[in-house]
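Enquirer: Sharing a structure, written as structure tokens. Questions coming.
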Amino acid sequence: MRGPQSSVGRFGFRWSKCNIFMWRAYLDRLPTKMALLRRNITVDNQSCAWCESNEETIEHILTGCGISAGIWNALSRWCRFPGMFVFHAHDLVEMHEHCGAFGIKKMVLHGIIIIACWRMWRARNEKKFSNKDPNVVEMVADIKTLGFLWYKDRFKQGVVDWDRWCTFDLL
């Protein structure tokens, strides 16, 4: 897993928990219901814990469910990037390369995408194990908060205050 061809290096995220999560999502190695079925593990049903209308795959959770669509829509408005349309975890890993942003904004967008994916997975687990219904507004607020903490830790020279972060004014 080392070397220039390693997919782990693509994520470039400082928090190992999020990095490992994104790597596993990229490889489709997270324990979604469909992934468990592929491993011959019995599950009660195959439908998404959130919408209950599609099979639960990592693509559906992160890109295809109405909950995730609401999150990507809110984040694209906040970051002022037109429509974050994604269809696969691979698209999420590479989206920051094709969004038209440069420098710090490009790296920050990459971090926000990883945090958003991790937060969606956490919300999926909260629904599955604690029966807590997902709340898009709450998840977006968490993503912004975690993103701010990550940004302050990662970019010491470009520290912004909370008000500027909330308007995505990074320069």
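One point on numbering: in the UniProt record's numbering, the residue at position 30 of the sequence shown is 30, and numbering is uninterrupted.
Note that CB positions come from ideal geometry on N, CA and C, so glycine has one too.
On a predicted model such as this, the values are computed, not experimentally measured, just so you know.
#1: For Phe87, which residues of its own chain have a beta-carbon under 8 Å away from its beta-carbon, when the five flanking residues on both sides are left out?
#2: Report the rounded CA-to-CA distance for Asn54 versus Lys156, giving the unit in angstroms.
#3: Touching or not, the segment 142-154 and the segment 113-126, by the rule of three or more beta carbon pairs under 8 Å?
#4: Measuring CB to CB, does Val108 end up less than 8 Å from Met22?
#5: Decide if Lys33 is buried, meaning its Cβ has at least 16 other Cβ atoms within 10 Å, or exposed.
#6: When the Cα atoms are used, what is the spatial distance from Lys127 to Pro31?
#7: Pick out whichever of Asp163, Pro134, Val137 and Asn135 has its Cα sitting closest to the Cα of Phe148.
#8: Consult DSSP for Glu55 and reduce its assignment to one of helix, strand or coil.
#9: If you draw a straight line from the alpha carbon of Leu75 to that of Arg29, how long is it in whole angstroms?
#10: Going straight from the alpha carbon of Leu37 to that of Val160, what length do you get?
#11: Could you give the C-beta distance for Arg124 and Ile61, rounded to a whole number, given that I count them as a contact under 8 Å?
#12: Strictly by DSSP, which residues pair up with Ser47?
#13: For Pro82, count neighbouring C-beta atoms within 10 Å of its own C-beta (all shown protein chains included) and say buried if the count is 16 or more, exposed if not.
#14: Count the other CB atoms, across all protein chains shown, that sit within 10 Å of the CB of Glu56; report buried if there are 16 or more and exposed otherwise.
Expert: Taking the geometry as given:
#1: In the sequence shown, the residue the question calls residue 87 occupies position 87. Its chain contains Glu59, Thr63 and Gly64 as the residues whose beta carbon lies nearer than 8 Å to that of Phe87, once the 5 sequence neighbours on both sides are disregarded; these appear in chain order.
#2: If you number the sequence shown from 1, residue 54 lands on position 54. If you number the sequence shown from 1, residue 156 lands on position 156. Each residue's alpha carbon lies about 43 Å from the other.
#3: Contact between the segment 142-154 and the segment 113-126 is present: 3 or more CB-CB pairs across the two stretches fall below 8 Å.
#4: Taking the first residue of the sequence shown as 1, we reach residue 108 at position 108. Taking the first residue of the sequence shown as 1, we reach residue 22 at position 22. No, these two residues do not count as a Cβ contact at 8 Å.
#5: Taking the sequence shown and counting its residues from 1, the one referred to as residue 33 is at position 33. It is buried - the Cβ of Lys33 has at least 16 other Cβ atoms within 10 Å.
#6: In the sequence shown, counting from the first residue as 1, residue 127 sits at position 127. In the sequence shown, counting from the first residue as 1, residue 31 sits at position 31. Going by C-alpha positions, Lys127 is about 14 Å away from Pro31.
#7: Position 148 of the sequence shown, counting from 1, holds the residue named residue 148. Measuring from the Cα of Phe148, the nearest candidate turns out to be Asp163.
#8: Translated into positions along the sequence shown, residue 55 becomes position 55. In the structure shown, Glu55 sits in a strand (DSSP, three-state: E or B).
#9: Counted from its first residue, the sequence shown places residue 75 at position 75. Counted from its first residue, the sequence shown places residue 29 at position 29. About 25 Å.
#10: Position 37 of the sequence shown, counted from the start, is the residue given in the question as residue 37. Position 160 of the sequence shown, counted from the start, is the residue given in the question as residue 160. Approximately 46 Å between the Cα atoms of the pair.
#11: Taking the first residue of the sequence shown as position 1, residue 124 is located at position 124. Taking the first residue of the sequence shown as position 1, residue 61 is located at position 61. Sure, about 6 Å apart at Cβ, within 8 Å.
#12: By 1-based counting over the sequence shown, the position of residue 47 is 47. Note: Ser47 sits in a beta bridge opposite Glu55.
#13: In the sequence shown, residue 82 corresponds to position 82, counting from 1. By the Cβ neighbour-count rule, Pro82 is exposed, with fewer than 16 other Cβ atoms within 10 Å of its own.
#14: Within the sequence shown, numbered from 1, the residue matching residue 56 stands at position 56. So Glu56 counts as buried.
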